[in-house]
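Residue numbers (our numbering), protein chains in the order written: chain A, 1 to 337; chain B, 1001 to 1337; chain C, 2001 to 2337.
Given below as structure tokens:
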């Protein structure tokens, strides 16, 4: 049950509303005025709630649904109990997102600039932005329309931020261009110096880091994640990528579109990832690697060589997923002799 | 030697004081007026210091103690040199903590609200709290008695914090209920959105994250650690749990009582841990796992399946500790042929 | 190409300037007035640019250089195309750093104390420091000359910071002495309590952490990295060490001179590292280990035992590099049978 002190909740949502919002067909039109209390998982939904069923593998669980209603596909509707009111649509996943957005919302801060925010005169702030308490915005920064800059965020000189971005509290943004609709979470560090130095006569000499961080549109960057700026070149995050908390992305890395980088991944410098690459939690990449589009690297894997597009890899050093499983089985069997 | 510029140090502590504070028996009562200078380890304690000896495995080291006095058990006292004044008690570990707390203390900030703290009118602050510089406390937040909110901390609307909590500088707290006697360290991020989205037609659609973070009593959460709030459900941290720095705890995870989560652990979403589970440093858990009470997972292990209560596991993917050691030995032996 | 909105770029740099700055000999003195546009890599340098060539392994790549000029050694100059103007010197790496520093610079903030910085009266701030917005500096802190304290940084009571240090935004410094020429990045947490407690009767009792963090000269500590203070003893980082982002260094660890600790490494408590130890990304060390000088531990390795000086180790648990490679080959070969 969503806590109404934290979220805005739409009351008195009917199944007709659900059908409309999700572009679904209500199996029994006479039930259009029935109200639902909450969105819940298949297992936890009570008799006032609605749930979503879109994975054929869960058909046994579907038989035990206790919800008042369930959104599913025309294919899967047969697995629902008689007691559950069915709504069918093409894509219940999309329906799930749509109904969530319709029924619940976070409280958005009001547009306006907090009196304590310190904004350079040369900075340009767009329409309808909220700039939170103690934010520090440097010379020649430009921020688009509809942005929320949370308290204590620091945006260094000459950074550009697009429209409808949200920058979490205490984040640090420097040497960066950020597109539209991005969400940088609290404590993220964007644009710090890369880890570059030369060992000369027993001393590590810092190599000036002179690149930028270029972030596309619709990107999310998790809490306390660090993305260093490039050395001579730029660090680039492609449109639509999703980066989780506590990730390290080093100088000159280039991520394609729609990449998914799970928590605590570390990508060493000068790697190139294609589109829709998935890196599981705690994966590590050595430097200067090419990872082809759609490649998937399982959690905790260590990548020391290039990976082909579409490959599914696992282990440290990683090998194709099937090889890894064979290695695990071999070791388990033979070590017991 | 404790640096007296940083800590408050009680001077002129006598062995009689030690006996009283630690509920120990002084072997030679005539020594009650002898003063000790410092608490130190067995190896480093000098002739003015006191040390503690409670592990039979260290009996050889005990023979080399140079300290003026040593707190130990009736069982172990035989291993001390004649020159060392013995104090015996049932639990020298507890005695160690007690004497530390008696002799040394951090400087606590005075109660009061810094003039620069920005506190919503609807927020309720308890008695004897210290609210540091530039703290930002949102609408309808409640904070109990005796809390210390360090500088630059952001506590978002409707959060509840119990009594005697300490929230470190630049921490971020949102969508959270926190119990009594908790210590959230500097830079921790509590209550950010979970990493949840659906890939639909080549685009990652964010799934609204509508749960909370519920933290029990006597919990510590380390520096720069991230605990995401639940999706529909809550993320829960049980009473007495200890979470180290740079840990990732994802949406809907539920930790029982007294769990110990060492630095850089990553727990994927919807995992359930029983009571007193220990996860070593850098352990990774896949999502939707059940880890039974008292289970211990060694450092760097990767957990892909449920773990039974009391199990001791190691490796990636993890296996029972003995199996892991056998695998390591097998590999070492056979790869050399 | 360096973005001139972010960096200060010296215009009209001639090859004579380069020769002077890098202590190099221009092969053809008649070219001293030729201007260079930019520093670039061997592969990306265009006909107006200069590049550096110092690794014999890259001699084939050298043959394809398109740059106007290249700095190299007397030995390697033979591999350059005729079209490239050569400059020779003893150490092109050093020359690379020197020319970078000459041609490009970050905008340094002006000396001065922001009106919103909160500085205790007993604190001593040296000459020519910049103290940024909302910085909080506690009682009896001393800060040397030429330091930059970025916005929102918190420096707790009695800390000492040397000359020419830079402390990044939102960093937290407590119970610490920091030498000269150090750079602590944004969000680093220096001096939090170590993760120390005793399990007594089912409850974790916190052990007071009473040590300090002692950081030498010329040290860099990455963004969001955590260095806990010692328990009774100090945590020590030796001169010239380089620590990357998101690293965990626990209580009582002692690092020697010039160590390189790559991102997401975790070092458990009471470890001692010699000089110039290199820990690759995501390495984990168990507690109380000794790692000899010049030892190199490959990325993702797990260290459970002491490591000898100069050893090169890999794997979890780590073994000598050659043994690891043999294990990998053995497993790959035999698991396929």
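C-beta: ideal position from N, C-alpha, C; glycine also.
State the CB to CB distance for the pair residue i and residue j, rounded to an integer number of angstroms; the pair is presumed to be in contact (CB under 8 angstroms).
i: residue 1240 (chain B); j: residue 2205 (chain C); result: Incorrect: roughly 10 angstroms between the Cβ atoms, too far for contact.
i: residue 1023 (chain B); j: residue 1089 (chain B); result: 6 angstroms
i: residue 1298 (chain B); j: residue 1285 (chain B); result: With 8 angstroms as the limit, residue 1298 (chain B) and residue 1285 (chain B) do not qualify as a contact, their Cβ atoms being about 13 angstroms apart.
i: residue 2186 (chain C); j: residue 189 (chain A); result: 5 angstroms
i: residue 2288 (chain C); j: residue 2270 (chain C); result: 5 angstroms
i: residue 1210 (chain B); j: residue 7 (chain A); result: 6 angstroms
i: residue 2043 (chain C); j: residue 2061 (chain C); result: 7 angstroms
i: residue 338 (chain A); j: residue 156 (chain A); result: Outside the shown range of chain A (1 to 337) lies residue 338 (chain A), about which nothing can therefore be said.
Name the two residues that bound the continuous alpha helix (DSSP H) containing residue i.
i: residue 326 (chain A); result: 321-334
i: residue 1017 (chain B); result: 1015-1022
I'd like to know if residue i contacts chain B, where contact means its C-beta is closer than 8 angstroms to some C-beta of that chain.
i: residue 2268 (chain C); result: yes
i: residue 2175 (chain C); result: yes
i: residue 2157 (chain C); result: yes
i: residue 2079 (chain C); result: no
i: residue 2251 (chain C); result: no
i: residue 2189 (chain C); result: yes
i: residue 130 (chain A); result: no
i: residue 172 (chain A); result: no
When the cut-off is 8 angstroms and only beta carbons count, does residue i lie next to chain C?
i: residue 1300 (chain B); result: yes
i: residue 1003 (chain B); result: yes
i: residue 1062 (chain B); result: no
i: residue 331 (chain A); result: yes
i: residue 321 (chain A); result: no
i: residue 288 (chain A); result: no
i: residue 1116 (chain B); result: yes
i: residue 104 (chain A); result: no
Which residue marks the beginning of the beta strand (DSSP E) containing residue i, and which one marks its end?
i: residue 97 (chain A); result: That residue, residue 97 (chain A), is in no beta strand (DSSP E); its alpha helix (DSSP H) goes 92-103.
i: residue 62 (chain A); result: Taken as a continuous stretch (DSSP letters only), residue 62 (chain A) belongs to no beta strand (DSSP E), being part of the alpha helix (DSSP H) at 59-62.
i: residue 2192 (chain C); result: 2189-2192
i: residue 2165 (chain C); result: Run containing residue 2165 (chain C): none; DSSP gives neither H nor E here.
i: residue 315 (chain A); result: 312-315
i: residue 2086 (chain C); result: 2085-2088
i: residue 69 (chain A); result: 69-72
i: residue 52 (chain A); result: 50-52
i: residue 8 (chain A); result: 7-9
Please list, in chain order, the chain C residues whose beta carbon lies closer than 8 angstroms to that of residue i.
i: residue 1312 (chain B); result: The contacting residues do not exist; residue 1312 (chain B) stays about 15 angstroms from chain C at best.
i: residue 195 (chain A); result: 2222, 2242, 2244, 2245, 2262 and 2263
i: residue 1053 (chain B); result: Chain C residues near residue 1053 (chain B): none, gap ~14 angstroms exceeds 8 angstroms.
Residue i versus chain B: which residues are under 7 angstroms apart at the beta carbon?
i: residue 2318 (chain C); result: What residue 2318 (chain C) touches in chain B: nothing, since even the nearest Cβ is about 11 angstroms away.
Can you pull the chain C neighbours of residue i, defined as C-beta to C-beta under 7 angstroms?
i: residue 166 (chain A); result: In chain order: nothing, as chain C lies at least about 18 angstroms away.
Note down, in chain order, every chain A residue with its Cβ under 9 angstroms from the Cβ of residue i.
i: residue 1246 (chain B); result: 224, 246 and 264
i: residue 1134 (chain B); result: 116, 133, 134, 151 and 152
Could you list which residues in chain B have their beta carbon closer than 8 angstroms to that of residue i, in chain order?
i: residue 2070 (chain C); result: The premise fails here: residue 2070 (chain C) is roughly 42 angstroms from chain B at the closest Cβ pair, so nothing lies under 8 angstroms.
i: residue 2192 (chain C); result: 1168, 1185, 1186, 1222, 1223 and 1245
i: residue 100 (chain A); result: 1207, 1208 and 1210
Would you mind telling me which residues of chain C sit closer than 9 angstroms to residue i, beta carbon to beta carbon, in chain order?
i: residue 1146 (chain B); result: Going along chain C, no residue has its Cβ under 9 angstroms from residue 1146 (chain B), so there is no contact; the nearest lies around 16 angstroms.
i: residue 326 (chain A); result: 2335 and 2336
List, in chain order, every chain A residue whose beta-carbon is nearer than 7 angstroms to that of residue i.
i: residue 2039 (chain C); result: 232
i: residue 1284 (chain B); result: 281, 282, 299 and 300
Given that residue i touches chain A, what residues does it touch there, using C-beta distances under 8 angstroms?
i: residue 1198 (chain B); result: 93, 94, 96 and 97
Does the CB of residue i have a neighbour CB from chain A at under 8 angstroms?
i: residue 1207 (chain B); result: yes
i: residue 1281 (chain B); result: no
i: residue 1975 (chain C); result: Chain C is shown only over 2001 to 2337; residue 1975 (chain C) falls outside these bounds and no answer can be derived.
Please indicate yes or no: does the CB of residue i lie closer than 7 angstroms to some heavy atom of the ligand SAM?
i: residue 264 (chain A); result: Ligands are entirely absent from the displayed structure, and the ligand SAM is therefore not among its contents.
By the criterion of Cβ-Cβ separation under 9 angstroms, what are the contact partners of residue i in chain B?
i: residue 258 (chain A); result: 1199, 1202, 1203 and 1204
- Considering only residues of the stretch 2173-2242 of chain C, which uninterrupted beta strand (DSSP E) runs meet the minimum length of 3 residues and lie entirely inside it, listed in chain order? For the stretch 2173-2242 of chain C, whole beta strand (DSSP E) runs of length 3 or above, ordered along the chain, are 2176-2178, 2189-2192, 2197-2200, 2203-2206, 2213-2215, 2226-2228 and 2235-2237.
- Contiguous beta strand (DSSP E) assignments of at least 3 residues, all confined to the stretch 1256-1311 of chain B: Listed in chain order, there is nothing to give.
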